[in-house]
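Numbering (UniProt numbering), first residue to last: 1 to 164.
Backbone N, C-alpha and C fix where the C-beta goes; we use that ideal spot for every residue, glycine too.
Written out below as structure tokens is the structure these notes cover.
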Ligand SMILES: Cc1cc2nc3c(=O)[nH]c(=O)nc-3n(C[C@H](O)[C@H](O)[C@H](O)COP(=O)(O)O)c2cc1C
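This is the structure we're talking about:
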């Protein structure tokens with residue numbers, strides 16, 4: 001079994017795009033967080049529905065995980081930015097899976113305004129060692145640029161790990 005897991009939620013494919021690059025570069029396993037009731041990603045309603053979930057601190061029920069996060073030493077965790085923080089399925093994940101003593105890399109995708117997303121993720125993951133954090137902006141409209149950024153980020157993290 002590989003000992004790196006990439007965990008992510010993605011409504012519209014941007015975070016999924018980055019997660020799949022990390023999977024390839026790191027030879028990692030991939031765990032997608034899927035809500036039991038997903039919204040229709042088209043149209044303006046997603047902002048109202050998603051924003052409401054963030055403000056109400058809703059923890060949407062997730063479909064059963066296909067892999068066990070506790071089996072991995074290193075995890076990369078990715079989210080879209082919703083209302084300047086991480087998306088609600090991550091709340092569910094953090095409350096269900098109490099990770100401690102893991103090596104963790106964090107990433108988010110946004111339209112350019114990430115607020116405290118990555119800092120809030122760090123607060124929810126106390127007791128772990130953070131390898132690094134990165135934001136990717138407008139991923140699907142700048143695929144090549146973001147792909148290169150993801151590869152460069154991971155290479156930098158791996159090199160610094162080897163040198164410590
Ligand atoms: C409910 C909702 C709230 C959002 N809030 C923000 C925000 O605060 N800042 C931002 O830059 N982008 C925001 N976005 C845009 C997404 O973060 C961005 O498009 C992201 O890359 C989508 O990732 P995904 O395709 O993996 O779902 C929001 C999108 C939704 C649906």
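Proximity below 8 Å, CB of residue i to CB of residue j
| i | j | result |
| --- | --- | --- |
| residue 109 | residue 15 | yes |
| residue 121 | residue 106 | yes |
| residue 69 | residue 48 | no |
| residue 66 | residue 26 | no |
| residue 7 | residue 93 | yes |
| residue 102 | residue 142 | no |
| residue 89 | residue 33 | yes |
| residue 58 | residue 82 | no |
Minimum C-alpha distance to residue i - residue among the options
| i | options | result |
| --- | --- | --- |
| residue 146 | 8, 7, 6 and 22 | 22 |
| residue 12 | 49, 73 and 140 | 140 |
| residue 51 | 5, 64 and 85 | 85 |
| residue 24 | 43, 4 and 10 | 4 |
| residue 157 | 45, 104, 123 and 114 | 104 |
| residue 37 | 113, 74 and 64 | 64 |
| residue 151 | 17, 81 and 91 | 17 |
| residue 80 | 159, 44 and 19 | 19 |
| residue 119 | 59, 58 and 78 | 78 |
| residue 28 | 62, 75, 44 and 61 | 75 |
Sequence-distant residues of its chain with Cβ nearer than 6 Å to residue i (five each side left out)
| i | result |
| --- | --- |
| residue 1 | Note that residue 1 scores a pLDDT of 46, beneath 50, so its modelled location is shaky; the value from the coordinates is reported in the next line. Hits under 6 Å: none found. |
| residue 153 | 134 |
| residue 155 | none |
| residue 97 | 69 |
| residue 10 | 16 |
Contacting residues, own chain, Cβ-Cβ under 8 Å from residue i (five flanking each side not counted)
| i | result |
| --- | --- |
| residue 249 | Because the chain in this structure spans residues 1 to 164, residue 249 falls outside the shown range and cannot be described. |
| residue 40 | 46 |
| residue 73 | 3, 4, 102 and 103 |
| residue 112 | 137 and 138 |
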